[in-house]
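Line by line, the protein sequences are chains A and B.
Just so we're aligned: the first sequence equals residues 1 to 325 in this note's numbering.
Just so we're aligned: the second sequence equals residues 326 to 606 in this note's numbering.
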Amino acid sequence: MRVNTRRNLATYGIAFLIILGLNFLLPRLMPGDPLTAIYGDEAMIAMTPQLKASLVERFALDLSIWQQLGAYFLNLLQGDMGYSYSYNAPVWQVIMGSLPWTLLIVGVSLVLSTLLGIFLGIESGWRRGSRTDRTLLTGLMYINGFPDFFMGLILLIIFGVLLGIAPLSGALTPYSGLTGLALAWDVMRHMALPVTALTLAQLAGGYLLTRNSMLTVLKTPFMLVARAKGLPQRVLKYRHAGRNSMLPVITMTGIRLGKVVTGTLFVELVFAYPGIGYMTYQALLSRDYPLIQGIFLVVAVSVLLVNFAVDCLSPRLDPRVSYAY
Amino acid sequence: MHIDVKREIRQSGIGRAGVIILALVIFVALFAPLISPYNPLEQSTGSLLSPSASHPLGTNQVGQDILSQLFYGARTSLMVGFGVSIISLFLSFIFGVSAALIGGIYEQVVMRVIDAFIIIPMVIVVVLIAAYARPNLPVLILILSALSWQEGARIIRAQTLSLKERGHIAAARSFGGNWLYIARRHILPDLGPILLVEFIYGVRRAVFMEAGLAFLGIGDPMSISWGVMMRDAMKFSYLDVWQWWLIPAGVMLSLTIIGLTFVSHAAETVLDPRLRGAEIA
Chain A
1 MRVNTRRNLA
11 TYGIAFLIIL
21 GLNFLLPRLM
31 PGDPLTAIYG
41 DEAMIAMTPQ
51 LKASLVERFA
61 LDLSIWQQLG
71 AYFLNLLQGD
81 MGYSYSYNAP
91 VWQVIMGSLP
101 WTLLIVGVSL
111 VLSTLLGIFL
121 GIESGWRRGS
131 RTDRTLLTGL
141 MYINGFPDFF
151 MGLILLIIFG
161 VLLGIAPLSG
171 ALTPYSGLTG
181 LALAWDVMRH
191 MALPVTALTL
201 AQLAGGYLLT
211 RNSMLTVLKT
221 PFMLVARAKG
231 LPQRVLKYRH
241 AGRNSMLPVI
251 TMTGIRLGKV
261 VTGTLFVELV
271 FAYPGIGYMT
281 YQALLSRDYP
291 LIQGIFLVVA
301 VSVLLVNFAV
311 DCLSPRLDPR
321 VSYAY
Chain B
326 MHIDVKREIR
336 QSGIGRAGVI
346 ILALVIFVAL
356 FAPLISPYNP
366 LEQSTGSLLS
376 PSASHPLGTN
386 QVGQDILSQL
396 FYGARTSLMV
406 GFGVSIISLF
416 LSFIFGVSAA
426 LIGGIYEQVV
436 MRVIDAFIII
446 PMVIVVVLIA
456 AYARPNLPVL
466 ILILSALSWQ
476 EGARIIRAQT
486 LSLKERGHIA
496 AARSFGGNWL
506 YIARRHILPD
516 LGPILLVEFI
526 YGVRRAVFME
536 AGLAFLGIGD
546 PMSISWGVMM
556 RDAMKFSYLD
566 VWQWWLIPAG
576 VMLSLTIIGL
586 TFVSHAAETV
596 LDPRLRGAEI
606 A
């Protein structure tokens with residue numbers, strides 16, 4: 001147990017260093033002037049010599065690479081992630097403005113896809129080989145083949161364009177001045193399609209994990225004993241088989257979170273949903289490099305932290321995990 | 326270990342369906358120049374045309390024939406898919422087998438780095454790198470390969486560790502075979518089925534990534550890609566063009582991924598023999 005924690009810490013430390021290293025080195029590896037690489041061509045044209053000089057000083061670009069690294073860490077420690085010139089605001093502030101929207105749809109779809117995936121996995125595994133199982137398995141594997149953004153586009157066309165019952169873009173009706181319940185309803189209407197797209201795209205992962213472990217659990221001796229004791233079907237299915245089968249889904253939450261976050265990058269773009277993903281797209285279009293770097297840092301580190309938390313918790317949920325190394 | 330992957334795939338309905346779908350996509354990719362009515366890059370004055378006899382799927386915003394683009398898109402997708410998967414599988418093999426056979430501090434270091442890479446979400450790393458490097462297709466293949474060998478290496482290492490203890494390898498060692506010889510002569514053939522499954526996973530992941538990056542607008546601007554087609558078509562979703570522009574590109578991409586998913590699902594029994602018989606015939 002203790003060895004695992006230490007090894008885990010080392011892994012997360014290395015991952016953290018890789019992320020920081022990429023962020024620091026990439027602009028400096030680009031050919032040409034590092035300041036141009038950090039800020040992009042477009043920004044350089046509009047820059048005054050004074051501004052340029054102050055930026056060179058801030059990044060310590062006239063000093064050695066080690067001193068630059070020191071300046072980079074110092075800025076980060078002070079929470080200074082640079083200045084986004086396309087939004088004309090500090091990067092940190094820009095990211096904080098759109099992060100809540102992303103957290104909202106990522107959180108809701110992660111919970112929904114986990115619960116639905118576990119439920120369908122239990123039903124499917126319990127009735128293995130039946131028509132329900134066959135339909136679910138094939139159907140979900142079909143859905144799994146749809147990239148997140150194509151899923152989003154299909155939903156957008158069906159519900160937004162053809163039926164016209166869902167808003168086409170955004171997270172709120174602009175300038176509506178809604179409050180209270182009306183506001184909540186407006187937010188839910190806007191997030192319905194992005195959340196559905198993300199949930200559907202992630203559903204198969206949890207489902208297949210649960211179904212596979214269900215098949216293994218059903219063959220174990222304790223299931224035979226439980227059956228022999230004459231326990232009712234419901235108890236056998238959910239309390240004995242089901243509870244044991246959902247463990248891998250929980251312990252894989254960190255990895256699945258990474259996938260949902262990746263998916264949201266594309267889905268937000270489809271629905272013009274004003275979260276981190278849509279902002280990444282905007283930043284890529286305007287080549288706002290400080291913003292891209294900031295987003296990368298925030299997203300990668302958040303995923304790491306959740307991963308770490310799940311890793312620390314999973315041996316408590318499933319004691320077998322600590323022997324699995 | 327001695328499971329015949331080909332038989333596993335042939336015996337499952339899903340596996341057979343996957344192989345048929347994949348064969349279709351590969352056919353389209355191979356014979357794209359023969360079956361395409363136009364040069365996919367050729368621009369004409371007739372932009373955003375509706376489907377007609379001369380343009381079965383109409384034309385895009387710069388007058389390129391959509392059907393021809395659809396066929397050539399299969400080439401880009403599969404080229405990136407297979408290219409990335411071959412290179413990253415090679416890297417997986419090198420690092421996985423060497424970590425298992427050499428052991429010691431080398432193994433510790435390699436495994437920690439691999440674990441670190443696995444927990445970093447790859448897409449966002451690729452987006453960052455691509456934003457700076459603006460890669461063309463070959464460079465994109467290299468970038469994706471460098472970032473996708475880690476999981477395979479982990480599985481290959483685990484398998485090699487168990488193979489290493491087998492009698493025939495001990496025998497080969499006692500006859501003086503060095504580790505390189507053993508890796509080539511004994512480990513590689515025994516890893517065969519796992520390498521195949523990992524290869525299919527790799528192709529699927531890379532096809533996914535290529536389309537996604539192209540959709541975000543950071544792929545190779547010169548390549549014809551389903552992701553680019555969907556991105557362009559999305560901008561005109563207020564017109565009817567999505568019917569013959571967006572949907573076909575999305576369906577082709579999804580079919581390719583579904584085909585790969587089906588085949589890998591059927592072959593997964595190799596990685597986890599407990600799943601054997603879990604398949605519905």
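We put the CB at the ideal spot given by N, CA and C, even for glycine.
Check                                                                                                                                                                             : Outcome
Give the range of the alpha helix (DSSP H) segment to which HIS493/B is assigned.                                                                                                 : 492-499
Quick one: measure Cβ to Cβ for ALA204/A and LEU140/A, integer angstroms, because I've assumed they're closer than 8 Å.                                                           : 4 Å
Could you give the DSSP three-state label for SER86/A: helix, strand or coil?                                                                                                     : coil
Tell whether a beta-carbon distance below 9 Å holds between LEU120/A and TYR207/A.                                                                                                : yes
Taking just the CA atoms, how far does MET577/B sit from TRP570/B?                                                                                                                : 11 Å
Give me the Cα-Cα distance between LEU269/A and HIS511/B, rounded to the nearest whole angstrom.                                                                                  : 49 Å
Does ALA324/A come within less than 9 Å of chain B when only Cβ atoms are used?                                                                                                   : Low per-residue confidence applies at ALA324/A: pLDDT is 46, beneath 50, and the placement is therefore not dependable enough to give any value.
Please return the same chain residues whose Cβ sits closer than 6 Å to the Cβ of ASN307/A, not counting the five positions on each side in sequence.                              : GLY254
Answer with yes or no whether the minimum CB distance from PHE222/A to chain B is below 9 Å.                                                                                      : no
Provide the residue span of the alpha helix (DSSP H) that contains LYS219/A, from first to last.                                                                                  : LYS219/A -> no alpha helix (DSSP H), and no H or E assigned at all.
Can you name, in chain order, every residue of its own chain whose Cβ lies under 6 Å from the Cβ of MET81/A, other than the five neighbours on each side?                         : VAL91, TRP92, GLY294
Buried or exposed: where does THR586/B fall if 16 or more other Cβ atoms within 10 Å of its Cβ makes it buried?                                                                   : buried
Mind the definition here: the region 228-242 of chain A touches the region 132-147 of chain A only if three or more C-beta pairs lie below 8 Å; say whether that holds.           : no
Check whether the Cβ of ILE19/A lies closer than 9 Å to any Cβ atom in chain B.                                                                                                   : yes
Taking the runs of the alpha helix (DSSP H) that are 4 residues or longer, which of them lie wholly in the region 436-501 of chain B?                                             : 447-458, 462-473, 475-489, 492-499
Would you decide whether SER589/B is buried or exposed? Buried here means 16 or more other CB atoms lie within 10 Å of its CB.                                                    : buried
Could you spell out the range, first to last residue, of the alpha helix (DSSP H) harbouring GLU523/B?                                                                            : 513-541
List the residues of chain B whose Cβ lies closer than 8 Å to the Cβ of PHE150/A, in chain order.                                                                                 : MET555, GLY575, LEU578, SER579
Taking its Cβ as the centre, do 16 or more other Cβ atoms sit within 10 Å of VAL350/B, making it buried, or is it exposed?                                                        : buried
Below 7 Å on C-beta distance, what does GLY429/B contact in chain A?                                                                                                              : Neighbours of GLY429/B on chain A: none; closest Cβ ~16 Å, over 7 Å.
Given 8 Å as the limit, is there contact between the region 192-204 of chain A and the region 148-159 of chain A, that is, 3 or more CB pairs closer than that?                   : yes
Please list, in chain order, the chain B residues whose beta carbon lies closer than 9 Å to that of MET358/A.                                                                     : A question about residue 358/A goes unanswered here, because the residues of chain A that appear run from 1 up to 325.
Okay, do the region 335-355 of chain B and the region 386-405 of chain B touch, 3+ Cβ pairs below 8 Å being the bar?                                                              : yes
State whether the region 256-267 of chain A contacts the region 275-285 of chain A, with contact taken as three or more CB pairs (one from each stretch) at a distance under 8 Å. : yes
Check whether the Cβ atoms of PHE418/B and LEU516/B lie closer than 9 Å to each other.                                                                                            : yes
How far does the alpha helix (DSSP H) with ILE345/B in it extend, from its first residue to its last?                                                                             : 338-355
Skipping 5 residues on each side, what residues in its chain have a beta carbon closer than 8 Å to that of VAL452/B?                                                              : LEU538, LEU541, ILE543
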